[in-house]
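In the working numbering, the protein residues as written are 122 to 1004.
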């Protein structure tokens, strides 16, 4: 089934990906118009020729008007072949102007015409152009279906345009279709498939001596390797935050290697364009060379300065077109990026409109030129970005009056939410700088509302855009929350409620962003007011200069419902202390109990300021709605100097979402579907996992404790067996006693199964990724009781990475369950087996999940002695979701 992406997201994707990252689809359009004689398409008749003359002068609007007049006089007809050519020209010009609905309608007329004639060669070429339009609209699945039908990547049978070109022996049709297919995979972030398609397109274009398509393919390959560089640089940032020096170095080296490959492709692209006298593609290649060259040299002088100067001169000589406008805007942003530290230049986000650059004069001149061009060609979207960019530069210069005026003009021109939120955000920053805080809050709230309109679409963007979420989207929620908190007082719970609501929106947006398009579950915000009369909620927000903690109490008294506490500490210092706590918790052989110092410090931040308020209510459960790095440590291990927190309260972690309710399933009738791995495992040549020797005992005890439960080990732990167990069984708990690794997004989060596959003469354990687990659970029959609990033992989350910390919350949602119990680190498996069986025993006795985990951990502390009381043995198990 083909899923369409909403129109709101379409132009946003087109701007962000196509304008800033490449112009491949437009270049094909230009090739098709400029080289009709070369590539064998129909010769232009006089009515079309007049429009082409306007088009080549840069007067696209004038060309469209002439072609529309021509078609009105001579409608599409086999008896008038010139009208067919005119309609082709019109469709391509409409697409260049961003008139996508009109372009698709024109192309559909042409496709129907060629179907009636039975001309499959021409039909294939028109279908390829339709796929280009789908790409412009941000509908990659529709584009792939148009190119390949409903088959696997590059198989392309049926009636897709690539299949028709292959059947007709049409090498030109093949090279164009493969080029568009490669670009489509690129926009999805499927780089391996994109490279394969583009290299095939490149090979064919060279064979048939079609240099324009060789230029287009090398251009997109360069963009792909630039994106791969950016992805690896982002991973290096996460590794650096986690103090993983090996991964940091590996990702940095990979990024540099991809940058070099990008430079080679763009250089080849430039030379080919120069040989063809193609000034547009020369400019495009040089613009794309700027960032990888800067990252390679680390200097804004020398080759980078030469490129900037040459591009400015060549842009000035081009006719006023949409591409000239966008290229000028991009060049203005690049001027700022190449004055930033090289590591910051990997970011490819809306931050270009939020960070200040030391070099303003050149950028101002370029953006003024872009405004002139945009007005000349009547492109309101381009003018919006140019005017808004100027507003940002005035913001950087502290000329807030002029900045706000320009920003409001950009808002007026931005007809779609995908760009409007940038200017709402910018207006909020300017108003805050002017001290107009209430007005700033109102504008920030509009920006958040705009983002919520497109949050579903942001979530299904490719992983590179999702990795930029923190800088391009998350920052807006955080800045709004900070403004709201600055306005809050201890007696103004209404303002705290607004801040908590913004935090809730942030948590949902973070989670959707992490999961991407792999989860269709209906998530709703979980309000602290939903808690029971014996439950209190603690929400945290990490700001650059402080930690904010909000306690929400179960009382109708508005003056007592919310209590705000702030800790003066920098974000960097907080991350360091939390990581230190996590590190010491994992050192189970530490006889000095060095974990107590950070355990008491974090207790002083999170709990001690609220002890008196908590004592006024019959609170027995604490729900933690944590921010960032705080998600990676267990609150049960906090210490007040005498006892652990779990000795006083049951504890669960809320990702601040709730799933749509299902019919309740009694935990007293508990049945578990359990899978385990006891043997050593190897997922890749470099990823190895030790045996889990106590897993067999763990699963045997589950089967004994909970009659009707089923356990399968090692080679029986396969995706097929898991599917069968979920489809045919009635268990309400899925228990997976295996290694789990949480990556930077859900595509890199996986469980290790006992199933093995052969690769390069060796056998590797097959990873079960979260999206695969989700699909298996979604395939359960409608009459089967829903899963209530997912239990993961032997997990491993990274220390220090905020992105990894989303993994546990993501797993609970991904599995479609009410809650999950998982280990934050690789707990000793003998201890895990004992703890988890006790947990199930308490569930069987009818207590809630949060209380069952509390009793389990309390009993461990009461029955163990010496080193086994160390929280490294028992505190790693945490409950996420419904308690």
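Ideal placement from N, C-alpha and C gives every residue a C-beta, glycine not left out.
Span separating the alpha-carbon of residue i from that of residue j
i	j	result
residue 538	residue 566	14 Å
residue 307	residue 345	7 Å
residue 106	residue 544	Outside the shown range of the chain (122 to 1004) lies residue 106, about which nothing can therefore be said.
residue 852	residue 858	16 Å
residue 374	residue 192	56 Å
residue 486	residue 729	56 Å
residue 968	residue 874	32 Å
residue 357	residue 914	28 Å
residue 247	residue 447	27 Å
residue 313	residue 369	23 Å
residue 492	residue 523	16 Å
residue 1005	residue 804	Residue 1005 lies beyond the range of the chain shown here (122 to 1004); nothing can be said about it.
residue 997	residue 872	18 Å
residue 438	residue 177	14 Å
residue 460	residue 421	6 Å
residue 1000	residue 907	19 Å
residue 625	residue 677	21 Å
residue 194	residue 208	13 Å
residue 541	residue 520	22 Å
residue 512	residue 450	13 Å
residue 285	residue 210	22 Å
residue 1014	residue 964	Outside the shown range of the chain, which is 122 to 1004, sits residue 1014, and nothing can be said about it.
residue 494	residue 445	8 Å
residue 488	residue 502	14 Å
residue 215	residue 183	12 Å
residue 223	residue 294	24 Å
residue 496	residue 490	10 Å
Three-state secondary structure assigned by DSSP to residue i
i	result
residue 860	strand
residue 875	strand
residue 1001	strand
residue 742	strand
residue 991	coil
residue 425	helix
residue 459	coil
residue 1006	Given a span of 122 to 1004 for the chain in the structure shown, any question on residue 1006 remains unanswerable.
residue 887	strand
residue 761	coil
residue 282	helix
residue 562	helix
residue 263	helix
residue 984	helix
residue 628	helix
residue 530	helix
residue 454	helix
residue 507	helix
residue 656	strand
residue 773	strand
residue 880	strand
residue 269	helix
residue 205	helix
Strand pairing of residue i, partner residues [DSSP]
i	result
residue 831	794
residue 914	858
residue 808	805
residue 944	998
Below-8 Å beta-carbon distance, residue i vs any chain B residue
i	result
residue 600	Chain labels in this structure do not include chain B; a single protein chain is all it has.
task: Spell out a yes or no on whether the region 387-397 and the region 332-350 are touching, meaning 3 or more CB-CB pairs, one atom from each, closer than 8 Å.
output: yes
field: Completely contained alpha helix (DSSP H) runs for the region 660-711, where each covers 4 or more residues
entry: 692-707
message: If we require 4 or more residues per run, which alpha helix (DSSP H) segments fall completely within the region 323-373?
response: 332-362
- request: Check whether the region 903-913 touches the region 937-955, taking contact to mean three or more Cβ pairs, one atom from each stretch, closer than 8 Å.
  value: yes
- prompt: Whole alpha helix (DSSP H) runs in the region 372-420 with 4 or more residues, listed along the chain?
  reply: 400-418
- prompt: Within the chosen definition, does the region 281-288 reach the region 244-260 through at least 3 CB pairs nearer than 8 Å?
  reply: yes
field: the region 708-723 / the region 731-742 touching (three or more Cβ pairs under 8 Å)
entry: no
- prompt: Three or more C-beta pairs closer than 8 Å, one from the region 969-988 and one from the region 759-778: is that the case here?
  reply: yes
- prompt: Does the pairing of the region 822-832 with the region 880-892 give three or more beta-carbon distances under 8 Å?
  reply: no
message: With a threshold of 8 Å, are at least 3 pairs of Cβ atoms found where one atom belongs to the region 837-857 and the other to the region 792-810?
response: yes
message: Would the region 424-436 count as touching the region 402-412 if we require 3 or more Cβ pairs under 8 Å?
response: yes
query: Is the number of C-beta pairs between the region 680-699 and the region 656-668 that are closer than 8 Å three or more?
result: yes
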